Amino acid sequence: MTLKCISLNIRGINKTIKRRKLFRYLHNNKFDVVYLQETYCSKGLEDVWRNEWGGKGLYAHGSNHSRGVMILFNPNVDVEFQKTIVDCNGRFIITQALIENSSFCFVNLYLPNLQSQQVQLLNSLQDKLREFAVENFVIGGDFNCPISDLDKFGERDNSAKSNTIRAINEVCNNFTLVDIWRQQHPECRRYTWSNPSGKIKCRLDYWLISQRLSSQVEKSDITAYYQKDTDHEAVTINIKPDRKSVV
Numbered sequence: 000m001t002l003k004c005i006s007l008n009i010r011g012i013n014k015t016i017k018r019r020k021l022f023r024y025l026h027n028n029k030f031d032v033v034y035l036q037e038t039y040c041s042k043g044l045e046d047v048w049r050n051e052w053g054g055k056g057l058y059a060h061g062s063n064h065s066r067g068v069m070i071l072f073n074p075n076v077d078v079e080f081q082k083t084i085v086d087c088n089g090r091f092i093i094t095q096a097l098i099e100n101s102s103f104c105f106v107n108l109y110l111p112n113l114q115s116q117q118v119q120l121l122n123s124l125q126d127k128l129r130e131f132a133v134e135n136f137v138i139g140g141d142f143n144c145p146i147s148d149l150d151k152f153g154e155r156d157n158s159a160k161s162n163t164i165r166a167i168n169e170v171c172n173n174f175t176l177v178d179i180w181r182q183q184h185p186e187c188r189r190y191t192w193s194n195p196s197g198k199i200k201c202r203l204d205y206w207l208i209s210q211r212l213s214s215q216v217e218k219s220d221i222t223a224y225y226q227k228d229t230d231h232e233a234v235t236i237n238i239k240p241d242r243k244s245v246v
């Protein structure tokens, strides 16, 4: 089994046509685990969206015009949720899940824009991650912060986000995580977001995974979502679980 994972800031899927096009794209490309940010989901729509998707899903609700994250699982994936924490402000979902006897901690994260709020949320996230006794962390999402100068083009350098970068590195150090795309593409300049003029580009979306999983990631990529109705690129990874690590 190879788990195909995708993370995408979709900038709202309240409109039925947009949502169904997205779900069709995800199914057609056979993604097994889907992280979505800025879904603009609400409790009243959860059952409708779950039925349209056709598989299991977890939802953290924001409002109908901001925030909201989802983790969706392909209907063909046999997943068993063991423990889940859902942020009441629609910023993150943490779930410990069993897939074909392999245990993972899937974390979908959407950081706010303000640095002070980013640091506060990352510190809170660390406290919650300590509650999960697993080694296979798969943390992805929109971090709203480029980690290094290689991850940014135009405007100021990364010094303005030094506190957030320090907090991200602290999470990585404390939980032995690696930025898998950067590990596989050490000198490459690729971006997941740009402003309308194209004069500023940043890699804001990435996967931080347990170092012990890094040798099992067959591929990591940054790819355009074909509908062009979001200002973010998708980030993908393919994980082939080590059968020796089953629990």
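First residue of the sequence shown: 0, per numbering that gives the first Met the number 0; consecutive thereafter.
Cβ coordinates follow ideal geometry from the N, Cα and C atoms, glycine included.
Nothing here was measured: the structure is a model prediction, and the numbers come from that model.
#1: Got a sec? Which residues, its chain only, sit under 8 angstroms from Gly11 by beta carbon, not counting five neighbours each side?
#2: Closer than 6 angstroms by C-beta to Leu71: which residues in its own chain qualify, once you throw out the five before and the five after it? Chain order, please.
#3: So, at 8 angstroms on beta carbons, what are the nonlocal neighbours of Val78 in its own chain, with the 5 sequence-adjacent residues on each side left out?
#4: With a threshold of 6 angstroms on Cβ separation, who are the neighbours of Cys104 within its own chain once the five nearest residues in sequence on each side are excluded?
#5: With distance defined between alpha-carbon atoms, name the residue in Thr235, Asn172, Asn27, Asp241 nearest to Ser309.
#6: Just confirm the distance between the C-beta atoms of Val118 and Ala166, as a whole number of angstroms; I'd bet it's less than 8 angstroms.
#7: Does the beta-carbon of Val246 have 16 or more other beta-carbons within 10 angstroms, so that it is buried, or is it exposed?
#8: Just tell me which of Ser193, Asn13, Arg23 has its CA closest to the CA of Gly43.
#9: On a CA-only basis, which of Thr163, Phe142, Cys87 is nearest Gln114? Give me that one, please.
#10: Is Pro145 buried or exposed, if buried means 16 or more other CB atoms sit within 10 Å of its CB?
#11: Going by the beta-carbon positions, is the gap between Asp150 and Arg202 smaller than 7 angstroms?
#12: With 16 other CB atoms within 10 Å as the buried threshold, where does Gly153 fall?
#13: Under DSSP, the alpha helix (DSSP H) around Asn8 begins and ends at which residues?
#14: Could you give the residue range of the alpha helix (DSSP H) that holds Ala166?
#15: In terms of alpha-carbon separation, which member of Asp204, Ile208, Lys239 lies closest to Asn8?
#16: Given this structure, state the Cα-to-Cα distance separating Asn247 from Gly89, to the nearest angstrom.
#17: According to DSSP, simplified to helix, strand and coil, what is Glu51?
#18: Cα separation between Leu121 and Val170?
#19: Checking the sheet assignment: what are the DSSP bridge partners for Ala59?
#20: In this structure, does DSSP put His26 in helix, strand or coil?
#21: Does DSSP put Asp141 in a helix, in a strand, or in coil?
#22: Whole angstroms are fine: how far does the CA of Ser214 sit from the CA of Lys239?
#23: Going by other Cβ atoms of all chains shown within 10 Å of its Cβ, with 16 needed for buried, is Ser62 buried or exposed?
#24: Helix or strand or just coil, what does DSSP make of Gln81?
Quick answer:
#1: Lys17, Glu37, Thr38, Tyr39, His64
#2: Excluding positions up to five away in sequence, the list reads Val33, Trp52, Gly56.
#3: Lys55, Phe72, Ala96, Leu97, Ile98
#4: Gln95, Phe131, Val133, Phe136
#5: A question about residue 309 goes unanswered here, because the residues of the chain that appear run from 0 up to 246.
#6: 5 angstroms
#7: With a pLDDT of 43 at Val246, under the threshold of 50, the modelled position of that residue is not reliable, and no figure is offered here.
#8: Per the Cα distances, Asn13.
#9: Thr163
#10: buried
#11: With contacts defined by Cβ atoms closer than 7 angstroms, Asp150 and Arg202 form a contacting pair.
#12: exposed
#13: Taken as a continuous stretch (DSSP letters only), Asn8 belongs to no alpha helix (DSSP H), being part of the beta strand (DSSP E) at 2–8.
#14: Counting along the chain, Ala166 sits inside the alpha helix (DSSP H) bounded by residues 161–174.
#15: Asp204
#16: The structure shown does not extend to residue 247, since the chain spans only 0 to 246, so no value can be given for it.
#17: helix
#18: 8 angstroms
#19: Val68
#20: In the displayed model, His26 falls within a helix according to three-state DSSP.
#21: In the three-state DSSP reduction, Asp141 falls in the strand class (E or B).
#22: 9 angstroms
#23: exposed
#24: strand
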